[in-house]
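Each residue of the sequence shown is one higher than the one before, starting from 1 at the first, in the numbering used here. Inspection log for the structure reproduced underneath, given as structure tokens.
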Amino acid sequence: MEIANNQPAERSTANKRRTMIFVSVSLLLVTAAAFAWFNVGAIERSLIGLFGPPQVELREAYSANAAGPTMDHSSFDSLLKKHVDDDGWVDYEGLEGEESKLDRYLQSVAAAPFDEMGRDEKLALLINGYNASTLKLILDQMPIDSIQDISEADRWDAVRWNIGGNQWSLNQIEHEQIRPKFAEPRVHFALVCAAIGCPPLRNEAYNATRVNDQLQDQTEYVHEHSTWFAFDPDSGKLQLTKLYSWYGGDFEQAAGSVSTFAARYSPALKQAIESGVASSPSWLPYDWNLNSLKNKQRR
């Protein structure tokens with residue numbers, strides 16, 4: 001009995017199926033790429049919500065309590081004036097020679113009567129405690145080229161820093177003790193991660209009597225330097241530090257959008273937004289190299 005040879009027809013049908021699958025997958029990839037291109041900011045913030053800083057609701061949790069206890073930050077202020085220049089670059093080698101003074105300041109931070117302090121005393125203590133702890137972390141690990149050279153277990157998640165008798169990690173200080181308890185997005189320009197791309201370390205300690213003015217001055221400084229802010233009035237092109245992407249929700253709660261918040265510190269951007277010519281922001285490169293005087297001299 002003769003058997004019909006259907007192999008060519010079957011092969012043709014299979015090829016058509018493969019072609020259709022290939023075309024469908026290609027269309028999906030193109031569509032996904034186009035969506036990502038036009039929604040990069042939203043996607044990045046979504047990923048950050050999963051793998052980066054948590055989203056928080058900004059609120060004020062503390063009263064002024066002007067009669068509450070105060071904290072003397074003069075020893076830390078002296079170290080900063082001596083080992084940090086006007087642009088925030090740190091002489092880590094010089095600071096290492098006075099590490100015992102930094103240790104004593106951190107001991108005073110640990111002994112501070114945190115619970116009884118008023119709002120501004122708490123905020124100054126938390127910012128200074130965070131920055132002093134970061135300096136100590138770098139000194140413990142020297143020599144290193146970047147804070148990212150430190151293992152994750154010993155870096156931002158290490159529960160080793162004592163503020164007012166509370167043992168916290170750097171992440172807990174920022175994301176649990178500052179962001180959700182102070183409606184103050186300007187802290188993102190004051191907390192320093194020891195990298196060139198992060199805001200400059202102020203060469204004075206934050207003080208409860210001046211903390212609002214210090215945060216204002218710090219935020220203005222950031223928006224006057226191209227490492228963190230760039231706006232071209234002619235083209236409307238806006239570039240912001242990635243802090244605006246990572247903590248976009250904080251700035252949006254304060255001003256409606258990251259661009260509107262940045263415009264508080266740039267009259268040209270404010271005018272462009274009001275005229276409808278400012279573009280959506282893109283993000284400036286974030287340099288994770290150490291914010292050391294040695295790296296300043298190499299630039």
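For every residue, glycine included, the Cβ atom is placed at its ideal position computed from N, Cα and C.
Run of the alpha helix (DSSP H) containing residue i, from where it starts to where it stops
i	result
A132	119-141
T219	211-222
A158	First-last for A158: undefined, no H or E at that position.
R104	99-111
L269	267-275
For residue i, the residue or residues it bridges with in DSSP
i	result
I163	N166
N289	S146
V84	V90
K237	D232
S282	Q239
Sub-8 Å separation of residue i and residue j beta-carbons
i	j	result
P180	V56	yes
I127	L79	no
V211	A124	yes
D103	N203	no
K242	W283	yes
H83	D77	no
T219	F189	yes
L238	S257	no
E60	F182	yes
H225	S266	no
Q214	Y206	yes
P285	Y244	no
M142	A112	no
Run of the beta strand (DSSP E) containing residue i, from where it starts to where it stops
i	result
A190	Counting along the chain, A190 falls outside any beta strand (DSSP E), and DSSP gives it neither H nor E.
DSSP-derived helix/strand/coil call for residue i
i	result
L58	coil
A254	helix
I3	Because I3 sits at a pLDDT of 38, beneath the cut-off of 50, its placement in the model cannot be relied upon, and the point is left open.
A63	Note on residue identity: the sequence assigns Ser, not Ala, to residue 63. Correct three-state label for S63: coil.
V30	Unreliable placement is indicated for V30, whose pLDDT of 41 sits below 50; the coordinate value is still reported in the next sentence. Here V30 sits in helix by DSSP.
I178	helix
D115	helix
N207	coil
Y244	helix
A262	helix
K294	helix
D154	helix
R299	coil
L79	helix
L95	helix
G197	coil
S226	coil
G249	helix
Assumed close pair residue i, residue j - CB separation to whole angstroms, cut-off 8 Å
i	j	result
N291	I196	5 Å
V109	I163	6 Å
Y130	E174	7 Å
G236	A272	6 Å
T54	M117	Reading the sequence as shown, one finds Pro at residue 54 and not Thr. So it is not a contact: roughly 25 Å between Cβ atoms.
N65	F114	That pair is no contact at about 12 Å.
F229	A268	Between A268 and F229 the Cβ distance is about 11 Å, and since that is not below 8 Å, they are no contact.
D250	P185	4 Å
S169	A158	6 Å
L137	L95	Not confirmed; about 12 Å, so no contact.
S74	K101	The Cβ separation is near 11 Å, so there is no contact.
L58	A254	7 Å
L293	W161	No, L293 and W161 are not in contact; Cβ-Cβ is about 25 Å, not under 8 Å.
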